[in-house]
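Shown next, in structure tokens, is the structure this report addresses.
Number of protein chains: 2
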Amino acid sequence: MRQKDDKKIAQIFSATLQLVEQNGLTGITMCDISKAANLATGTLYIYFKNKEELINALFVECRSESAQFYFKNHNTADAVEVSFRKLFHNIVQYRLSHFEKFVFLEQCYHSAFIQKNKRGISSKALQPLFSLLNKGKQQNIIKKADNLLLTWYIMGCVNETAKGLHYRSKKMSKTTLAFLFRACWDGIKK
Amino acid sequence: MRQKDDKKIAQIFSATLQLVEQNGLTGITMCDISKAANLATGTLYIYFKNKEELINALFVECRSESAQFYFKNHNTADAVEVSFRKLFHNIVQYRLSHFEKFVFLEQCYHSAFIQKNKRGISSKALQPLFSLLNKGKQQNIIKKADNLLLTWYIMGCVNETAKGLHYRSKKMSKTTLAFLFRACWDGIKK
DNA sequence: AAAATAAATGAATATATATTCATTTATTTT
DNA sequence: AAAATAAATGAATATATATTCATTTATTTT
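Respectively, the protein sequence lines represent chains A and B.
No gaps in the numbering here: position 167 of the first sequence is 167 in the working numbering, and each next residue is one more.
Plus 1000 on top of the position in the second sequence (first one is 1) and you've got the working numbering.
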């Protein structure tokens, strides 16, 4: 018995992300994906039931990967501002170094591929952020708003900036990053 | 000679927006649009050369309409914070009461329909906001960052919140709006 | 080494979709 | 009121795309 090959799934995912970054979710075809992944079209159907399942699987993967990335070096013993700074930089970093995944997720959030109830930010994946926000609120450091609302606020300013820079082919400078962190922290702190 | 009918363009646009809100840009077909607009498919081609032109025309319309909406009641004589509050509320209002247009614009920004250089926030349309930010910087009220960066920051937190609320079928409460304004203002002010 | 097995292939098929075009309809001009 | 004109129609056409399937290939088991 010949085994399925995990590398192929990675190839398929990577090809898909690359194409979505270039042409958006709208333009993407199974034929394009297979070509970009150096596979026959039929092979895609060995690994995924159909296009919808392929997109959904990639969506799930990107979403959990991104959350993991955010909490790199996260340490609950750190002071709130220290923790938040680390986290914030990780979020920015992910947007910049995995722009294709970030864009793919954003496109999915409003596509027919993803069920409505699976869209938007997942509270489960962001549990450590929520705990941090709670801690900040208890210590009277952070504004007493709903965690989701705080999260949308934080993600929003990072997302828009990442996209803005990208579409103008600009890099994130140290000054820009410093401003962005300062503004975001000033926004949520008491 | 029979005249073309401006109402039909409005019908076509409105049908398109409705469909994009429901299924995203990915799912949309000319047949769907014509049905939703109560027109024959061929009629679409009297008003637009093809699908791409239809989408582009709607994109241009939505973008200029949204900018106009933002600056309702804008008065350069107002104090910076007063002006900003008005503007901020208009932006929020537009996202909420024209969610379909907002989502359509967001989808377009990363689709093959719209040329890369036309994507992202247009500085021209946002001139009054830029002037306001400059005034704030001169008066030492607003952080001395690039106008585009400040704009991404402001739009970002509003956009993400509007989407978050929408996908969870929640309304924007007065408290939420008050928090959002406070956070955004604290973020950009010195 | 041969047989068995499932992955991999890519042409063929089925289907969905954009666009065209001959015909009809409504409006305007004469 | 008749003729002229272009909009409007929707079935027909052309094209693009998802999916299937008979055949080949690589790997594993015997």
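Glycine is no exception: its CB is placed at the ideal position from the N, C-alpha and C atoms.
Helix or strand or just coil, what does DSSP make of residue i?
| i | result |
| --- | --- |
| Lys-189 of chain A | strand |
| Ile-142 of chain A | strand |
| Thr-1076 of chain B | coil |
| Lys-8 of chain A | helix |
| Met-172 of chain A | coil |
| Leu-39 of chain A | coil |
| Gly-1024 of chain B | coil |
| Gln-68 of chain A | helix |
| Thr-161 of chain A | helix |
| Gly-1156 of chain B | helix |
| Phe-48 of chain A | coil |
| Lys-1137 of chain B | helix |
| Leu-54 of chain A | helix |
| Leu-96 of chain A | helix |
| Lys-116 of chain A | helix |
List the residues of chain B that residue i touches, going by C-beta distances under 9 Å, in chain order.
| i | result |
| --- | --- |
| Val-103 of chain A | His-1110 |
In chain B, which residues lie less than 7 Å from residue i when you measure between Cβ atoms?
| i | result |
| --- | --- |
| Leu-177 of chain A | The contacting residues do not exist; Leu-177 of chain A stays about 10 Å from chain B at best. |
| Gly-164 of chain A | Gly-1120, Ile-1121, Leu-1148, Trp-1152 |
| Asn-215 of chain A | Given a span of 1 to 190 for chain A in the structure shown, any question on residue 215 of chain A remains unanswerable. |
Using beta carbons (cut-off 8 Å, strictly below), is residue i in contact with chain A?
| i | result |
| --- | --- |
| Tyr-1153 of chain B | yes |
| Ala-1145 of chain B | yes |
| Tyr-1167 of chain B | yes |
| Ile-1188 of chain B | yes |
| Thr-1043 of chain B | no |
| Cys-1184 of chain B | yes |
For my contact list, residue i and residue j are in at a C-beta cut-off of 8 Å; report their separation, rounded to the angstrom.
| i | j | result |
| --- | --- | --- |
| Lys-101 of chain A | Ser-66 of chain A | 7 Å |
| Ala-1125 of chain B | Ser-1173 of chain B | The pair is not a contact, with the Cβ atoms about 30 Å apart (cut-off 8 Å). |
| Gln-22 of chain A | Leu-39 of chain A | The Cβ separation is near 18 Å, so there is no contact. |
| Phe-59 of chain A | Leu-105 of chain A | 7 Å |
| Thr-1026 of chain B | Thr-26 of chain A | 5 Å |
Output yes if chain B places a C-beta closer than 8 Å to the C-beta of residue i; else output no.
| i | result |
| --- | --- |
| Gln-127 of chain A | no |
| Leu-87 of chain A | no |
| Gly-27 of chain A | yes |
| Gln-138 of chain A | no |
| Asn-23 of chain A | yes |
| Ser-107 of chain A | First, the residue type needs correcting, since residue 107 of chain A is Gln and not Ser in the sequence shown. Cβ-Cβ to chain B under 8 Å: yes for Gln-107 of chain A. |
Using 8 Å as the threshold, is the region 66-86 of chain A in touch with the region 124-143 of chain A, meaning 3 or more CB pairs across them? yes
Pair every Cβ in the region 1075-1094 of chain B with every Cβ in the region 1027-1039 of chain B, then say whether three or more of these pairs are closer than 8 Å. Between the region 1075-1094 of chain B and the region 1027-1039 of chain B, the count of C-beta pairs closer than 8 Å stays below three; the two stretches do not touch.
Could you tell me whether the region 152-160 of chain A touches the region 168-184 of chain A, where touching means 3 or more Cβ pairs closer than 8 Å? yes
For the region 134-145 of chain A and the region 1136-1146 of chain B, state whether three or more C-beta atom pairs, one from each stretch, are separated by less than 8 Å. No, they do not touch.
Report yes or no: do the region 1074-1088 of chain B and the region 1106-1120 of chain B share at least 3 C-beta pairs separated by less than 8 Å? no
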